[in-house]
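A short worksheet on the structure shown next.
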Amino acid sequence: MKKIQVKDLRPGMVTAEDIYSIDGQLILGKKVILIDKNIEKLDSFGIYSIKVEDYVVSVAPAMNDVPPSYNERVRQKPEFLAFKENFESHVDLLQTGLNQIAESNSNFDAENLVSQTLTFIDNIDRSVNLMDMLLNMRDYDDSTYAHCVNAAIISNIFAGWLNLSQEDRAMATSCGLFHDIGKVKVPEAILKKPGPLTKAEFDAIKRHPLDGYNILDAAGLGEEIKNAALMHHEKCDGSGYPYGFTRDKISFFSKMITIVDIYDAMTSKRVYRDPICPFDVIADFEKEGFDKYDTDMILTFLRNVSNSFIGFRVRLNNGLEGEVVFIHPEQLSRPTIKCAGDKFIDLSVHKDMKITTII
Ligand SMILES: [Fe+2]
Ligand SMILES: [Fe+2]
Numbered sequence: 003m004k005k006i007q008v009k010d011l012r013p014g015m016v017t018a019e020d021i022y023s024i025d026g027q028l029i030l031g032k033k034v035i036l037i038d039k040n041i042e043k044l045d046s047f048g049i050y051s052i053k054v055e056d057y058v059v060s061v062a063p064a065m066n067d068v069p070p071s072y073n074e075r076v077r078q079k080p081e082f083l084a085f086k087e088n089f090e091s092h093v094d095l096l097q098t099g100l101n102q103i104a105e106s107n108s109n110f111d112a113e114n115l116v117s118q119t120l121t122f123i124d125n126i127d128r129s130v131n132l133m134d135m136l137l138n139m140r141d142y143d144d145s146t147y148a149h150c151v152n153a154a155i156i157s158n159i160f161a162g163w164l165n166l167s168q169e170d171r172a173m174a175t176s177c178g179l180f181h182d183i184g185k186v187k188v189p190e191a192i193l194k195k196p197g198p199l200t201k202a203e204f205d206a207i208k209r210h211p212l213d214g215y216n217i218l219d220a221a222g223l224g225e226e227i228k229n230a231a232l233m234h235h236e237k238c239d240g241s242g243y244p245y246g247f248t249r250d251k252i253s254f255f256s257k258m259i260t261i262v263d264i265y266d267a268m269t270s271k272r273v274y275r276d277p278i279c280p281f282d283v284i285a286d287f288e289k290e291g292f293d294k295y296d297t298d299m300i301l302t303f304l305r306n307v308s309n310s311f312i313g314f315r316v317r318l319n320n321g322l323e324g325e326v327v328f329i330h331p332e333q334l335s336r337p338t339i340k341c342a343g344d345k346f347i348d349l350s351v352h353k354d355m356k357i358t359t360i361i
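According to this note's numbering, the residues represented by the sequence shown are 3 to 361, in order.
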């Protein structure tokens, strides 16, 4: 008999004692042959180590069949596969388009790109949660172009949450699509640099709003689209760049894109870090206060993003897994989670716990 940590357990090992949860519930009996499913069960109860027999038995593959995780199931759905294919071809289209605009290729038709983007978004099968599909795209592409397609989609959804007219919804989508076009002038080595930037490098990045404005101006795009490119890094409290504009100087659509931009950048994979869990992003927004953003917009955005994860399975920092069942309006990043055995954990009370992953 030997003691082994749950993370090191393998299928075929045999329990050498009854295993109980912290509240005395029997999780697994003695002499149980472990399969992946009951190793996960031990993990979900927060068990750290157990005693197993010295021998291992072979486990038939069928015995060890575990159902695919939620994300695996999403990624196998035909709706997701269709979305992924359209998303990727749209990223290619945008890459060609933005570069042509930046090279002032007068043959390029920006309006056509906008209408193709709107058609692409309108045709997405809404039977699956769109925010969820975007999260499942995270491993595929972290280029500026993919970020712009994401920003267009999220801005389109956000405009719906704000009850904007059809026309404004299209405008918000265009603003999202073109907001970072100035980045085509920033060297790739700076954009993808893993680690802290030098002052000169950061200055080069800080030029992209104005470069974007000038590129879009030369291409003949409208004021709102140009302003969103120019002001999407401005903050309502004056702490943004390039001009340090305050609330009343920043355009309506820029205020929307600022929020969308931060949310997308943080939930995306970067060369220097993995995607940040949306609930951590919401917590960051809550922590820093809402002075930097339009108050109505930020509250609408965070409320809708957090509510879009109701019913999702999540993992907590103590290894427990469960389903998001209730979002607290006052603490959007700390929902109530339903775990195994009908155990409810209210994260707005249990401040030592937090969601680490959506699974
Ligand atoms: Fe930007
Ligand atoms: Fe951006």
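All C-beta atoms in this analysis are idealised placements derived from N, C-alpha and C, irrespective of residue type, glycine included. Nothing here was measured: the structure is a model prediction, and the numbers come from that model.
*asked:* Relative to the C-alpha of GLN102, which candidate in GLY184, PHE281 and SER241 has its C-alpha closest?
replied: Looking up residue 102 in the sequence shown gives position 100. Check the Cα spacing between GLN102 and each of GLY184, PHE281 and SER241: the tightest is with GLY184.
_Any alpha helix (DSSP H) of 4 or more consecutive residues that is wholly inside the stretch 5-93_ = With a minimum length of 4 residues, the continuous alpha helix (DSSP H) runs that stay inside the stretch 5-93 are 38-46 and 72-78.
*Considering only residues of the stretch 253-285, which uninterrupted alpha helix (DSSP H) runs meet the minimum length of 4 residues and lie entirely inside it, listed in chain order?*
Runs of the alpha helix (DSSP H) inside the stretch 253-285: 254-269.
*Are PRO337 and PHE328 touching if we call contact CB-CB under 8 Å?*
Looking up residue 337 in the sequence shown gives position 335. Looking up residue 328 in the sequence shown gives position 326. The answer is yes: Cβ separation under 8 Å.
*Evaluate the contact criterion for the stretch 51-62 versus the stretch 9-29: three or more CB pairs, one atom per stretch, below 8 Å.*
Using a C-beta cut-off of 8 Å, the stretch 51-62 makes contact with the stretch 9-29, since at least three inter-stretch Cβ pairs fall below that distance.
*asked:* With a threshold of 7 Å on Cβ separation, who are the neighbours of THR302 within its own chain once the five nearest residues in sequence on each side are excluded?
replied: As a first step, residue 302 is located in the sequence shown; it is residue number 300 there, counting from the start. Setting aside the 5 residues that flank it on each side, THR302 is surrounded in the same chain by TRP163 and LEU164, each with a C-beta closer than 7 Å to its C-beta; the list follows chain order.
*Taking only the alpha-carbon atoms, compute the straight-line gap between ILE357 and ILE264 and give it to the nearest angstrom.*
Position 355 of the sequence shown, counted from the first residue, corresponds to residue 357. Position 262 of the sequence shown, counted from the first residue, corresponds to residue 264. Taking the Cα positions, ILE357 is about 20 Å away from ILE264.
*Candidates GLN27, SER23 and ARG128, of which the one nearest TYR50 by Cα*: Here residue 50 corresponds to residue number 48 of the sequence shown, with the count starting at 1. Closest by alpha carbon: SER23.
_If I follow the unbroken beta strand (DSSP E) through ARG336, where does it start and stop?_
As a working mapping, residue 336 is identified with position 334 in the sequence shown. Segment 333-341, the beta strand (DSSP E) holding ARG336.
*Consider the C-beta atom of ASP205 and the heavy atoms of ligand 1; say whether any pair is separated by less than 7 Å.*
Locating residue 205 in the sequence shown gives position 203, where the first residue counts as 1. For ligand 1, not one heavy atom lies less than 7 Å from the Cβ of ASP205.
*asked:* Taking the alpha-carbon of ASP213 as reference, which of LEU95, HIS181, ASP239 and PRO80 has the nearest alpha-carbon?
replied: The residue given as residue 213 occupies position 211 in the sequence shown. If we check each option's Cα against that of ASP213, HIS181 comes out closest.
*Using beta-carbon positions only, say whether HIS210 and VAL151 come within less than 8 Å of one another.*
Here residue 210 is taken as the residue at index 208 of the sequence shown, counted from 1. Here residue 151 is taken as the residue at index 149 of the sequence shown, counted from 1. Cβ atoms of HIS210 and VAL151: not closer than 8 Å.
*Considering only residues of the same chain and omitting the five flanking positions on each side of ASP170, which have a CB-CB separation below 7 Å?*
By one-based count along the sequence shown, residue 170 stands at place 168. Cβ neighbours of ASP170 beyond the five flanking positions: ALA161.
_Identified DSSP bridge partners for LEU136_ = Counted from its first residue, the sequence shown places residue 136 at position 134. None; LEU136 has no bridge partner.
*By Cβ distance, which residues of its chain are closer than 6 Å to ILE312, with the 5 residues on each side in sequence left out?*
For the purposes of this step, residue 312 is taken as residue 310 along the sequence shown, with counting starting at 1. When the five nearest sequence neighbours on each side are left out, the beta carbons in the same chain lying within less than 6 Å of the beta carbon of ILE312 are those of VAL326, in order along the chain.
*Let me know if LEU83 comes out buried or exposed under the rule of 16 or more other beta-carbons within 10 Å of its beta-carbon.*
In the sequence shown, residue 83 corresponds to position 81, counting from 1. So LEU83 counts as exposed.
*Report the rounded CA-to-CA distance for THR119 versus SER60, giving the unit in angstroms.*
Taking the sequence shown and counting its residues from 1, the one referred to as residue 119 is at position 117. Taking the sequence shown and counting its residues from 1, the one referred to as residue 60 is at position 58. Distance between the alpha carbons of THR119 and SER60: 53 Å.
*Verify whether the separation of the beta carbon atoms of ASP296 and LYS257 is less than 8 Å.*
In the sequence shown, counting from the first residue as 1, residue 296 sits at position 294. In the sequence shown, counting from the first residue as 1, residue 257 sits at position 255. In this structure, LYS257 lies closer than 8 Å to ASP296 by Cβ.
*Who are the near neighbours of ASN125 in its chain, counting only those whose CB is closer than 8 Å to its CB and skipping five residues on each side?*
Here residue 125 is taken as the residue at index 123 of the sequence shown, counted from 1. Excluding residues within five positions, the ones whose Cβ falls inside 8 Å are ASN88.
*Per DSSP, ILE357 is paired with what?*
Position 355 of the sequence shown, counted from the start, is the residue given in the question as residue 357. ILE357 pairs with LEU318.
_Length of the line joining the Cα atoms of ILE168 and HIS234_ = Counted from its first residue, the sequence shown places residue 168 at position 166. Counted from its first residue, the sequence shown places residue 234 at position 232. The sequence given here has Gln at residue 168, not Ile. Going by the C-alpha atoms only, they are around 22 Å apart.
*PRO80 versus ARG249: straight-line alpha-carbon distance, rounded*: Position 78 of the sequence shown, counting from 1, holds the residue named residue 80. Position 247 of the sequence shown, counting from 1, holds the residue named residue 249. Rounded to the nearest angstrom, the gap between the Cα atoms of PRO80 and ARG249 is 44 Å.
*Grab the span of the beta strand (DSSP E) containing GLU236 for me, first residue to last.*
Counting from one through the sequence shown, the residue named residue 236 turns up at place 234. Where GLU236 is concerned, there is no enclosing beta strand (DSSP E), given that its DSSP letter is neither H nor E.
_With a threshold of 7 Å (Cβ to nearest heavy atom), would ALA172 be considered close to ligand 2?_
Here residue 172 refers to the residue found at position 170 when the sequence shown is read from its first residue. No, Cβ of ALA172 sits at least 7 Å from all heavy atoms of ligand 2.
_Give the residues whose C-beta lies closer than 5 Å to at least one heavy atom of ligand 2, in chain order._
Near ligand 2, meaning a Cβ closer than 5 Å to any of its heavy atoms, lie the following residues in chain order: ASP182 and ASP263.
*According to DSSP, is HIS330 helix, strand or coil?*
The residue given as residue 330 occupies position 328 in the sequence shown. Strand, per DSSP.
*Does DSSP put ILE312 in a helix, a strand or coil?*
By 1-based counting over the sequence shown, the position of residue 312 is 310. In the structure shown, ILE312 falls within a coil segment according to DSSP collapsed to helix, strand and coil.
_Considering only the alpha carbon of each residue, which of PRO189, ASP94 and GLY26 lies closest to ALA148?_
Sequence index remark: in the sequence shown, residue 148 carries index 146 (1-based). The option with the nearest alpha carbon to ALA148 is ASP94.
_Enclosing beta strand (DSSP E) for ILE347 [first to last residue]_ = Counting from 1 along the sequence shown, the entry for residue 347 is found at position 345. Counting along the chain, ILE347 sits inside the beta strand (DSSP E) bounded by residues 345-348.
*For LEU218 and GLU113, the rounded distance between their alpha carbons*: One-based indexing of the sequence shown puts residue 113 at position 111. One-based indexing of the sequence shown puts residue 218 at position 216. Straight-line Cα distance between these residues: approximately 12 Å.
*CA-to-CA distance, THR175 to ARG315, given in whole angstroms*: Here residue 315 corresponds to residue number 313 of the sequence shown, with the count starting at 1. Here residue 175 corresponds to residue number 173 of the sequence shown, with the count starting at 1. For the pair ARG315 and THR175, the Cα-to-Cα distance works out to about 30 Å.
*Euclidean distance between Cα positions of ASP2 and PRO189*: Any answer about residue 2 is impossible in this case: the structure gives the chain only from 3 up to 361.
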